[in-house]
Structures are given as structure tokens and as C-alpha cells.
Amino acid sequence: EQGISMRNQAVEQLRESIGGMTSEKSTAPIVFHRRIIGGGIHDGDEVIDYQYWIRDLPVHFIHTKESAIEATDGVWDMPMQIAMFDGVLTGSTTTAAEAVIHGMPTFLISKAERGFLDELESRSPDLLFRWRSTSSDGFDRTTHDWIEAMQRDRRTSQIRKDSLAFFERELGPVA
Numbered sequence: 034e035q036g037i038s039m040r041n042q043a044v045e046q047l048r049e050s051i052g053g054m055t056s057e058k059s060t061a062p063i064v065f066h067r068r069i070i071g072g073g074i075h076d077g078d079e080v081i082d083y084q085y086w087i088r089d090l091p092v093h094f095i096h097t098k099e100s101a102i103e104a105t106d107g108v109w110d111m112p113m114q115i116a117m118f119d120g121v122l123t124g125s126t127t128t129a130a131e132a133v134i135h136g137m138p139t140f141l142i143s144k145a146e147r148g149f150l151d152e153l154e155s156r157s158p159d160l161l162f163r164w165r166s167t168s169s170d171g172f173d174r175t176t177h178d179w180i181e182a183m184q185r186d187r188r189t190s191q192i193r194k195d196s197l198a199f200f201e202r203e204l205g206p207v208a
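And the structure:
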């Protein structure tokens, strides 16, 4: 429960610090977006250029490139960073797997086929949303399901937060 409370506090601080948010986007999910720039051993045939597809999604993106994280020691902090967001969108199979393992609704846009992704998808179909095509036909449906999952997760976190606040009012501090 303490982890949930810390996550909620971090998300609220992040939301407050984002300048220029319109009222329409002020309640939109905040998404960690890690873009693959390519050049990796598998990237050539697996990377999908989806930048135009996501421009008008009703979410607020915090963008990073793979090189930005790997140029620092930040790669070791990634699981904690991911947990501060409502969801993750990426072309990276590794980032997607880490996010799902940490319970984050994750949208992986990649032609990559990996056995561990199939396993994660079967175990957590409500957390891992995959798009494997270079065509955007049907993309909106998968996007809608992913956004719904983020909103459902936030509602659940809010219910837990409200329940904890109730018990603390009635019984005193819980810790």
C-alpha cells in the first residue's frame, strides 16, 4: 500500500509540473514513451514508424529515446521511472516487458516476435497491448483498449487511496 501511495503522489506531482496542459488533457493518462531509434541487432525488420499515429491520442506523453537513457546510469532507474506513469508506449521489447512485469498497461508497437512477450501477453492480457503491423488499419481499437486499461488502473488506485484515507481517519495512521 505504501508503494501505491508513493506512486499516486509522484503521479500528482508529475501532473502538476507539466506546463501547458489543457483542461481536456489535464486528466488524460500520463504515458512514458520510449522511442526506438534503431541500429540494434534485431531492429532493422522490427521497428515500425508510428509517430504520426500517436500524435492526437488523448494522453500526455513524456518522450525519451533509447540513447537518452543508455547514455547515463538511468537504465538502472527505469523500473522506478516507469512506475510513476499511468502507462507505457514503446517500440522496445525490453521496456515493454519491464513495464508489464511492474503492472503497467503497456502498448508495444513492434514487429518483434519473442517467446517471452507471448508468455507475458497470455498471463497479462489486460496489461500488454501489441501492434505488429506497419498498417494503421485497426490501430484505433487497440489504442482504445490500452487507454481504457490505464483509466481502469487509475480508478483502482484511487479506490485504494480513498480506502486507505478512510481507515486512517477512523483508526489513525497506518504504517
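Per my numbering, residue 34 is the first one in the sequence shown, and the count goes up by one each step.
C-beta atoms are modelled at their ideal positions from N, C-alpha and C, and glycine is treated no differently.
All of these numbers come straight from a predicted model, not from anything done at the bench.
1) For the segment 155-166 and the segment 134-144, state whether three or more C-beta atom pairs, one from each stretch, are separated by less than 8 Å.
2) Would PRO62 pass as a contact of ILE180 if the rule is Cβ separation under 8 Å?
3) Using the three-state DSSP reduction, which class does THR90 fall into: helix, strand or coil?
4) Could you check which residue in LEU122, ASP173 and ALA145 has the C-alpha nearest to that of HIS93?
5) Are the beta-carbon atoms of VAL64 and ASP119 separated by less than 8 Å?
6) I need the DSSP call for ASP170, collapsed to helix, strand or coil.
7) For LEU150 and THR126, which I take to be in contact (beta-carbon distance under 8 Å), what is that distance rounded to the nearest angstrom?
8) Pick helix, strand or coil for HIS135, following the three-state DSSP scheme.
9) Is the separation between the beta-carbon of LYS144 and that of ARG165 shorter than 8 Å?
10) Cα-Cα, which of ALA182, SER169 and ILE69 is closest to TYR85?
11) Which of helix, strand or coil does DSSP assign to ILE70?
12) DSSP three-state call for LEU141: helix, strand or coil?
13) Of all the options ASP178, THR167, ALA182 and GLN184, which has the alpha carbon lying nearest to the alpha carbon of TYR83?
14) Short of 8 Å in beta carbon distance, which residues of its chain neighbour ASP178, apart from the five on each side in sequence? Order them along the chain.
Taking the structure as given:
1) yes
2) Taking the first residue of the sequence shown as position 1, residue 62 is located at position 29. Taking the first residue of the sequence shown as position 1, residue 180 is located at position 147. Taking 8 Å as the Cβ cut-off, PRO62 and ILE180 qualify as a contacting pair.
3) Locating residue 90 in the sequence shown gives position 57, where the first residue counts as 1. The displayed chain sequence assigns Leu, not Thr, to residue 90. Three-state DSSP puts LEU90 in coil, outside helix and strand.
4) In the sequence shown, residue 93 corresponds to position 60, counting from 1. Considering only alpha carbons, the answer is LEU122.
5) Translated into positions along the sequence shown, residue 64 becomes position 31. Translated into positions along the sequence shown, residue 119 becomes position 86. Yes. Within cutoff.
6) Translated into the one-based positions of the sequence shown, residue 170 becomes position 137. Note: ASP170 maps to coil in three-state DSSP.
7) Start at 1 with the first residue of the sequence shown, and residue 150 comes out as number 117. Start at 1 with the first residue of the sequence shown, and residue 126 comes out as number 93. Correct: roughly 6 Å between the Cβ atoms.
8) Start at 1 with the first residue of the sequence shown, and residue 135 comes out as number 102. In this structure, HIS135 counts as coil in the three-state DSSP scheme.
9) Within the sequence shown, numbered from 1, the residue matching residue 144 stands at position 111. Within the sequence shown, numbered from 1, the residue matching residue 165 stands at position 132. Their beta carbons are under 8 Å apart, which means LYS144 touches ARG165 by this criterion.
10) What you label residue 85 is simply residue 52 of the sequence shown in a count that begins at 1. Nearest option by C-alpha distance: SER169.
11) Within the sequence shown, residue 70 is the residue found at index 37, counting from 1. In this structure, ILE70 counts as coil in the three-state DSSP scheme.
12) In the sequence shown, residue 141 corresponds to position 108, counting from 1. Note: LEU141 maps to strand in three-state DSSP.
13) Locating residue 83 in the sequence shown gives position 50, counting from the first residue. With distances taken between CA atoms, TYR83 lies nearest to THR167 out of ASP178, THR167, ALA182 and GLN184.
14) By one-based count along the sequence shown, residue 178 stands at place 145. Around ASP178: PHE162.
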